[in-house]
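Under the UniProt record's numbering, the residues of the sequence shown are numbered 1 to 624, in order. All C-beta atoms in this analysis are idealised placements derived from N, C-alpha and C, irrespective of residue type, glycine included. Single-structure report; data block below.
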Amino acid sequence: MSMGEVSLPVALGSGDLRKVRMVRFVVVGAESSYNIIMGRTSLNAFQAVVSTYHMMIKYPVGENVGEIAGDQLTSRSCYQTTASNNKQLAKRKVESKGEEIDRPGGSRSKEDKRRVEKGKEKMDIQPGEEVEEIQMIEGCEGRKFRIGKDLEEPIRSRLIQLVREFVDIFAYTAEELTRISAEVIEHRLNIDLSVRPVKQKRRHHGAEMDKIIEQEVEKLLGAQHIKEIQFPEWLSNTMKVSKAEGKWRMCIDFRDLDKACPKDLYPLPRIEQLVDSTAGCELLSLMDASQGYHQIPLAREDRKRVSFLTSRGTYCYVVMPFGLKNAGATYQRMVDKIFKEQLGRNMEVYVDDMLVKSNEELDHVRDLKETFLTLRWYGMKLNPTKCSFGVRSGKFLGYLVTKRGIEVNPEKVRAVVEMKLPTNIKEVQVLAGRIAGLSRFISKVAEKSGPLFKTLKKSAKFQWAEEAQKAFDELRGVLANLPLLAKPMQGEELVLYISIGERAVSSVLLREEGIAQSPIYYVSRVMQGAEMRYSEIEKYALAVFVTARKLRPYFLNHKVKVRTNMPLGETLGRPSVSGRLVKWAVKLSEYSLMYEPKRAIKAQVLADFIQEGTKVEEESEGLW
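Below, the structure is given as structure tokens:
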């Protein structure tokens with residue numbers, strides 16, 4: 001049923017190939033996997049030609065022709081959602097006595113209930129598209145590397161030739177690993193010598209696990225990562241850790257040793273900054289070091305402390321082991337040092353995740369060669385089975401980065417959508433963590449997920465209320481239509497919209513290009529305790545303050561226009577204000593903030609911010 005009509009500006013393309021037309025839309029209250037559907041009238045207005053075979057739209061712009069390529073992942077997702085909705089609608093028509101009727105986002109089917117929940121997702125670096133395997137050495141089937149499947153000539157041939165020229169920087173087995181010079185980097189414990197050394201008593205694991213440990217020790221000895229030791233200073237136990245496929249692997253329990261070592265405060269890069277700088281590139285190469293930690297030598301005086309015992313004897317590491325305190329900081333220090341000439345320009349590195357990026361497709365082979373030469377110079381080896389060269393999209397640090405922008409990682413969405421209904425507080429905490437990982441993409445996430453987290457309150461018995469179920473169902477619907485996020489361009493002014501709910505303050509930071517508005521980051525936070533009793537103007541100021549603190553790098557590097565119909569600029573600029581407003585005004589003064597009246601919101605993904613505030617008609621209790 002039609003809910004009315006609205007005329008909105010629609011833009012195709014960008015830059016010199018940008019074309020804008022006013023399009024009249026009919027608003028329909030119906031479930032759909034599409035935000036809008038453009039018919040022949042609107043396509044004719046653009047003089048656009050659509051090819052479903054090529055997944056391409058072409059349209060004239062003066063004497064030039066603009067092109068818009070389709071996205072297979074989005075297309076497939078829309079198709080699957082539509083097919084799923086059709087099945088659900090068909091089921092609604094069948095009413096059987098004593099049989100539950102399925103509904104979208106409602107009770108789970110028996111098949112869903114049997115589905116085993118996946119473990120915590122790793123942030124492994126992976127391609128976001130299909131790749132093909134190429135023989136590293138022609139005629140040698142066992143050794144291959146991966147490149148983007150849709151690479152065109154001459155880039156494809158040049159890339160294959162380059163990788164084969166640098167075959168020496170890849171390690172297919174542990175025996176092929178080399179060690180980076182101690183003059184470049186070595187791991188030191190800096191142990192507190194006043195702490196009494198701990199020698200753990202041997203734990204018994206059983207015959208099956210002892211065999212796994214024995215095999216792992218043989219591999220480490222063969223690769224010269226460990227050696228036998230007769231008089232260890234500290235001694236740790238082996239422990240078994242489950243792998244994703246249900247098997248076990250060996251780890252070392254360094255907890256006692258870690259307590260005697262100070263924390264290395266070497267900073268890790270900001271994930272958002274790395275993701276923003278990667279989005280928009282033409283080609284990417286995703287690389288993973290082969291047992292990267294084991295390529296860093298361990299200081300000689302610390303080897304007798306990094307020791308462990310098995311049923312066969314005692315051993316010590318001669319390289320930096322996994323699971324040791326400060327190992328991540330040492331690794332980040334190393335990659336920052338050896339790639340210092342490339343970081344931010346054509347490369348990004350977060351611990352052992354490495355990515356080479358190129359703004360222009362033709363530059364990618366040159367950028368890769370620069371990286372390969374650095375790897376060869378320092379003797380660092382890559383794992384070819386986890387590298388993907390010349391791809392147009394990739395999963396990097398939990399996000400899917402493409403030339404179009406920043407997209408949500410489908411695996412993170414799937415982890416929430418396919419999650420079974422929580423039955424205890426621990427499972428709700430797992431759900432909260434997964435939603436937090438998607439919060440950048442979700443408008444007003446604190447408000448929408450609030451009923452879920454009421455169940456975290458201490459009570460005699462866990463209860464999953466109808467309100468929580470409804471919020472969970474609605475959240476699943478939101479996850480089916482998450483927006484594409486933009487990255488801010490250097491020096492441009494950004495815009496901030498804010499909204500105040502009954503329980504939470506929310507905002508969206510966006511960039512404007514002509515009449516188009518694209519979200520960069522959604523921020524939302526539940527109001528706690530006394531914050532619920534703030535005056536209206538204080539809640540608006542709180543929203544700006546919370547956003548500025550969360551997105552500090554954006555606010556420091558860009559001028560930000562705060563669009564609101566509340567007199568925030570006047571209030572925070574008056575010397576007569578007191579208390580918390582003064583504190584916020586002082587802290588916000590370091591940013592280049594401007595306040596201006598709210599304008600019409602054009603983008604569908606910003607619809608939640610059309611209304612700035614919600615009048616509270618009844619007292620609401622705090623969530624946390």
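Using a 10 angstroms sphere on the CB of ARG503, the tally of other CB atoms reaches 16 or more, which defines it as buried. For ASP288, the enclosing beta strand (DSSP E) stretches over residues 283-288. Exclusion of the five residues before and after THR371 leaves GLN342, MET347, VAL356 as the residues of its chain whose Cβ lies within less than 7 Å of its Cβ. DSSP, read as helix, strand or coil, puts VAL349 in strand. In the three-state reduction of the DSSP assignment, ASN237 falls in the strand class, which pools E and B. Taking a cut-off of 8 Å on C-beta distances, the stretch 301-312 does not touch the stretch 330-339, as fewer than three cross pairs fall below it. One alpha carbon belongs to ILE134, the other to LEU220, and they sit about 29 Å apart. It is roughly 9 Å from the alpha-carbon of ARG345 to the alpha-carbon of SER277. If you ignore the 5 residues before and after ASP264, its C-beta comes within less than 6 Å of the C-beta of ASN326, ALA329, all in its own chain and listed in chain order.
Judged by DSSP in its simplified three-state form, ARG599 adopts coil rather than helix or strand. Under the three-state reduction of DSSP, ASN359 is assigned to coil, being neither helix nor strand. In the DSSP annotation of this structure, the continuous segment of the beta strand (DSSP E) that includes ILE406 starts and ends at 406-408. Here MET489 carries a coil assignment [DSSP, helix/strand/coil]. Here VAL495 is not near GLN469, since their CB atoms are 9 Å or more apart.
Residue pairing from DSSP leaves GLU130 without any beta-bridge partner. When C-beta atoms of the stretch 315-322 are compared with those of the stretch 194-207, fewer than three pairs fall below 8 Å, so the two segments do not count as touching. Burial is judged here by how many other beta carbons sit within 10 angstroms of a residue's own beta carbon; TYR521 has at least 16 and is buried. Take ILE515, set aside five residues on each side of it, and the residues of its chain with a beta-carbon closer than 8 Å to its own are PRO9, ALA11, VAL20, LYS602, in chain order. Shown here for GLU233: same chain residues with a beta carbon closer than 8 Å to its own, the five before and five after excluded, namely PRO197, LYS304, ARG305, SER307 in chain order.
In summary, ASP352 is buried, with 16 or more beta-carbon neighbours lying within 10 Å of its beta-carbon over all protein chains present. Contact between THR178 and GLY379 holds: CB atoms are separated by about 5 Å, below the 8 Å threshold. In the three-state reduction of the DSSP assignment, ALA516 falls in the strand class. Per the Cβ contact rule, the stretch 383-390 is in contact with the stretch 282-291 (3 or more Cβ pairs under 8 Å).
Taken atom to atom, the span from the alpha-carbon of TRP584 to that of SER535 is near 15 Å. The DSSP assignment places complete alpha helix (DSSP H) segments of no fewer than 4 residues inside the stretch 515-593 at 536-550, 552-557, 568-573, 580-588, in order along the chain. Your pair TYR591 and VAL562 does not check out as a contact, with CB atoms roughly 10 Å apart and the cut at 8 Å.
Collapsing the DSSP output to three states places GLU467 in a helix. Sorting GLN528, LEU556, ALA541 by C-alpha distance to the C-alpha of PRO567 places ALA541 at the top.
Of the other Cβ atoms in all chains shown, 16 or more fall within 10 Å of the Cβ of GLU447; this residue is therefore buried.
Between the C-alpha atoms of PRO154 and GLN528 there is a straight-line separation of about 59 Å.
Measuring C-alpha to C-alpha distances from LEU482 to each of ILE37, PRO267, ILE442, ARG525 identifies ILE442 as the nearest. The DSSP-derived three-state label of ASN481 is coil. The straight-line gap separating the alpha-carbon atoms of VAL505 and TYR554 is approximately 19 Å. In the three-state reduction of the DSSP assignment, ALA207 falls in the helix class, which pools H, G and I. As computed with DSSP, HIS187 is found in a beta bridge with LEU298. Remark: C-beta atoms of THR564 and TYR497 approach each other more closely than 9 Å.
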